[in-house]
Structures are given as C-alpha cells and as structure tokens.
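**Student:** Have a look at the structure that comes next, please.
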Amino acid sequence: MAQSRHEKNVQPSMLARTEDIQQQIQELSGRDLQLWSIGILIMLVLTSGLLALILPNLVWAQRVIRVEQAYLPQLFFGLISLVLLFNIYLLTQKRTLNSTRHALIRELVLNERLESLSLIDPLTQLLNRRAVNELIPREVARANRLGSNLTLMSIDLSGFRQINSKFGSLEGDAVLAEFARILKSVFRGGDVVFRQGGDEFLILMPETTEEQADFPRQRLHREVEQWNLNSKKDFEMAFTWALASYVTGTDADEVLRAVDRKLYQKKNKLVPVF
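Here is the structure:
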C-alpha cells in the first residue's frame, strides 16, 4: 500500500516537472525574439543617427547642419564602438539563452525517458499499474465525450502461485513473460495491455463492446492451448477472465471496480466460469 502511494506521488511530480520545463523553453523562445527585436531597433536608431550626421541634406532637405570635421571620425568610431559593444552583448545573451535552452531540453528528454520507464513493467515489457492510473481515465473521458464503446478485460493466471512455489520464481517469471507475449500477439494494435501486478493483467479495448471482446478472448484461449501443447512443461498455463463495459456517466474507478468484482466472482466460483 505504501509503495502504491509512493508511485502515485512520483508520477504527478514527474508530469508537473515536464510541463514546467516545456513552459520554461517557451519563455526562452519569447526572450530570444524580444532580444533580437531590441537589437534590430537599436541598429536602426544608430544607423539613422549616423546617416543624419553624414548626409543631413537627405534627411532635412535644404537645412544644413554643420559638424566640425574633426569630430566626424570620433562620432563615426563612437557609433561603430556602440554597435560592436551591443553585438557583443547580444551574442553573450544569445549564448546564455542557448546554453539554458540546451540544458532544459536535456532535462526534458531525461525526464520523459524516466517517465516512460516508470510506466513499463521490466519483466513483461507491458504497461504497469501506474500506467493504468494514467491512461484509463483518459480513455473513459474520451468515450464519454464521443459516446463510443469501451471495454475492459481483466485476466488472472490460474495456479500461478503453485507454479511459483513448486518450480521457483525464475520459472514463474518465464511464465509471466510468455503470457505477456501471447497477450501482445492476440490483441490488436489499438488495444492496450497492462500488467497490474503479480499474475493480474488488464486489457483496455476502445471502440469495443463486450460481444466484440469475445473474439480476442477466444483467440487467447486457442493460443494458450497451443502453448500448452508445445511447451512440454510439467504444468499447464491457464487463466480466468472477466469483462466490463463503460457505462455513460460513470468514471474510470467504477469501471475498474466492476471488472475486478466480476473477476473475483469467477475466481471464487460465485458465477459460472466460461
């Protein structure tokens, strides 16, 4: 339970940090544009001033502004010096902004990589319970918004504890990995397969009714039977399953509770197992 609370706390903090970094990068882009705008404006002002001193007749027609010849080189080089100093400042600020931007991008990439890894079960390479909490509410909200179908299938590996205790945890891990491989081969690309923990799996099937979900369930049975024929193990792979469809107006927790309740009833023989 403590671990579950820790996972729930870590995930939002990672997402919040990712959003914060993206916001900072956007702000840097705005500062970059502002810096270049100021630079262009100052260059225009300096250029106008220089032209006004050298070519007064072009600016004020017949009016002639007399400037001592001795001061012209000083004014000219003074303006050039200001331009050079400003360019140095501009380049320094640009380098600082680029350095900050690159550091933020590196942190963003690392944060997203860690976020991605935190959603993957290392043994089966399926999405984990943390991903369930992240993705299921989104899909439920989408189904509610579009009025589309959504079905969850909960699966429990039957007899897994006995396999683990009799043949060891390595063999148990191998069974989990094999079952995960079968799940990924059976369900279509639009479906999402999760390992909720232990020997429990969850499949999210958008745009699918319970009747339609029975087709992949039958394929899964056939694949497991084929595995049992080919494996030559001293045990057989088996599973218990349950389905629950999203009902308009309910939330993600209600759908998850419904499918968990149905699976519990089947495992405890409270309803017929098909």
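The numbers in the working numbering rise by one with no breaks, and the one at position 246 of the sequence shown is 265. For glycine and all other residues, C-beta sits at the position ideal for the given N, C-alpha and C. Computed from a prediction, not measured in an experiment: that's the story for all the values here.
Measure the C-alpha to C-alpha separation of V274 and R236 and round it to an integer number of angstroms.
**Tutor:** By one-based count along the sequence shown, residue 274 stands at place 255. By one-based count along the sequence shown, residue 236 stands at place 217. Their backbone Cα atoms lie some 19 Å apart in a straight line.
**Student:** Return the CA-CA distance between A10 and L202, expressed in angstroms with no decimal places.
**Tutor:** The displayed coordinates of the chain run from 20 to 293. Any statement about residue 10 would go beyond what the structure contains.
**Student:** What is the rounded straight-line gap between the Cα of A199 and the Cα of I59?
**Tutor:** Walking along the sequence shown from the start, residue 199 turns up at place 180. Walking along the sequence shown from the start, residue 59 turns up at place 40. Their Cα atoms are separated by approximately 60 Å.
**Student:** Three-state secondary structure (DSSP) at Q215?
**Tutor:** One-based indexing of the sequence shown puts residue 215 at position 196. The answer is strand: DSSP assigns Q215 an E or B state.
**Student:** Short of 7 Å in beta carbon distance, which residues of its chain neighbour K286, apart from the five on each side in sequence? Order them along the chain.
**Tutor:** In the sequence shown, the residue the question calls residue 286 occupies position 267. So the qualifying residues of the chain are D175, T259.
**Student:** Compare the C-alpha of I40 against each of G191, R114, H121, T111 and name the closest.
**Tutor:** As a working note, residue 40 is residue 21 in the sequence shown. With distances taken between Cα atoms, I40 lies closest to H121.
**Student:** Please report whether the beta-carbon of V159 lies at a distance below 8 Å from any beta-carbon of chain C.
**Tutor:** Although the question refers to chain C, the structure presented lacks it and comprises just one protein chain.
**Student:** What number of angstroms, rounded off, separates the C-alpha of Q215 from the C-alpha of I124?
**Tutor:** Taking the sequence shown and counting its residues from 1, one reaches residue 215 at position 196. Taking the sequence shown and counting its residues from 1, one reaches residue 124 at position 105. Cα to Cα, Q215 sits roughly 32 Å from I124.
**Student:** With 16 as the cutoff for other CB atoms within 10 Å, does E46 come out buried or exposed?
**Tutor:** Walking along the sequence shown from the start, residue 46 turns up at place 27. Exposed, because fewer than 16 other Cβ atoms sit within 10 Å of the Cβ of E46.
**Student:** For F186, name the three-state secondary structure that DSSP assigns.
**Tutor:** On the sequence shown, residue 186 is found 167 positions in, with the first residue counted as 1. Note: F186 maps to helix in three-state DSSP.
**Student:** To which residues of the same chain is A261 closer than 6 Å at the C-beta, ignoring the five residues directly before and after it?
**Tutor:** Residue 261 sits at position 242 when you count from the first residue of the sequence shown. S173, V278, K281, L282, K285, listed in sequence order.
**Student:** Might you give, ordered along the chain, the residues of its own chain that have their beta carbon closer than 6 Å to the beta carbon of A80, omitting 5 neighbours on each side?
**Tutor:** In the sequence shown, counting from the first residue as 1, residue 80 sits at position 61. No answer about A80 holds up, because its pLDDT of 48 lies below 50 and its placement is not dependable.
**Student:** Helix or strand or just coil, what does DSSP make of L60?
**Tutor:** Along the sequence shown, one-based indexing puts residue 60 at 41. The answer is helix: DSSP assigns L60 an H, G or I state.
**Student:** Pick from K113, L146, A150: whose alpha carbon is nearest that of S56?
**Tutor:** As a first step, residue 56 must be located in the sequence shown, where it is residue number 37. That would be K113, whose Cα lies nearest to the Cα of S56.
**Student:** Return yes when the Cβ of L146 is within less than 8 Å of the Cβ of V211, no when it is not.
**Tutor:** Translated into the one-based positions of the sequence shown, residue 211 becomes position 192. Translated into the one-based positions of the sequence shown, residue 146 becomes position 127. Yes, Cβ-Cβ distance for V211 and L146 is below 8 Å.
**Student:** Let me check understanding here. Comparing Cα to Cα, which of D270, A232, S177, R276 lies closest to K288?
**Tutor:** Indexing the sequence shown from 1 puts residue 288 at position 269. Nearest of D270, A232, S177, R276 to K288, Cα basis: S177.
**Student:** Near I61, which residues of its chain fall below 8 Å by C-beta distance, leaving aside the five closest residues on each side in sequence?
**Tutor:** What you label residue 61 is simply residue 42 of the sequence shown in a count that begins at 1. Here the set comprises F105.
**Student:** Count the other CB atoms, across all protein chains shown, that sit within 10 Å of the CB of D266; report buried if there are 16 or more and exposed otherwise.
**Tutor:** Along the sequence shown, read from residue 1 onward, the residue named residue 266 stands at position 247. Before going further, note that residue 266 is Val rather than Asp in the sequence given. Exposed, because fewer than 16 other Cβ atoms sit within 10 Å of the Cβ of V266.
**Student:** Taking Cβ to Cβ, would you say E153 is nearer than 8 Å to L223?
**Tutor:** Numbered from 1 along the sequence shown, position 134 holds the residue referred to as residue 153. Numbered from 1 along the sequence shown, position 204 holds the residue referred to as residue 223. No, the pair does not count as a contact, with Cβ atoms beyond the cut-off.
**Student:** Pull the bridge partners of L171 from the DSSP assignment, please.
**Tutor:** Residue numbering aside, residue 171 sits at position 152 when the sequence shown is read from its first letter. L223, A263, per the DSSP bridge assignment.
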